[in-house]
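Report on the following structure.
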Amino acid sequence: MAKIPPHLDKGWYMFFVSLYLHIYWVLGAAMGNLFGTVLPFNLKGVEFSMTALFLVIFAENWLKEKSHESSLLGLGIALVFLLIIGKEYFLIPTLIGIWLILTMRITKLETKLESLK
Numbered sequence: 670m671a672k673i674p675p676h677l678d679k680g681w682y683m684f685f686v687s688l689y690l691h692i693y694w695v696l697g698a699a700m701g702n703l704f705g706t707v708l709p710f711n712l713k714g715v716e717f718s719m720t721a722l723f724l725v726i727f728a729e730n731w732l733k734e735k736s737h738e739s740s741l742l743g744l745g746i747a748l749v750f751l752l753i754i755g756k757e758y759f760l761i762p763t764l765i766g767i768w769l770i771l772t773m774r775i776t777k778l779e780t781k782l783e784s785l786k
């Protein structure tokens, strides 16, 4: 989580960061669509870079967390859906499952995080 300066409102800060990232993503996708047909690229190995990116993000969050409960829940749910559904279609059910379980447990997780501070 970003360290928000105390003089800034956390809600507005997160809103504008999310808005910026969304605009950046939409513009990047549009430019990629426009220039992708004109400029030929060899995309061999791109899938590895995305996997590496998500592993680095996960590792950084793991090191910052005091309680790894949410990370372990995410890994466990992903593994369960991978075994049940298979690698072709497990992503969407995994995301929905993680969202549902974390939403149902939000008060417990918040109290646990408060006690760790």
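Take 670 as the starting number for the sequence shown in the working numbering and just add one per residue. All residues carry an ideal CB built from backbone N, CA and C; glycine is no exception. These figures come from a predicted structure and were not determined experimentally.
Note to self: Less than 7 Å between C-beta atoms, sequence neighbours within five positions excluded: which residues of the same chain meet that for I746?
What the structure shows: Closer than 7 Å at Cβ, skipping near neighbours: T763, G766, I767 and I770.
Check: If you compare alpha carbons, which of V749, P675 and A728 is closest to S740?
Finding: Looking at the Cα atoms, A728 is the closest of the given residues.
Check: Hey, how far is the Cα of L752 from the Cα of L712?
Finding: Distance between L752 and L712, taken at the CA atoms: about 29 Å.
Next item on the list: Give the straight-line distance between the Cα atoms of M773 and N702, rounded to the nearest whole angstrom.
Entry: Distance between the alpha carbons of M773 and N702: 38 Å.
Notebook entry, point to check: With 8 Å set as the bound, which would you pick, yes or no: does the beta-carbon of V686 sit closer than that to a beta-carbon of chain C?
Noted result: In the structure shown, chain C does not exist; there is a single protein chain.
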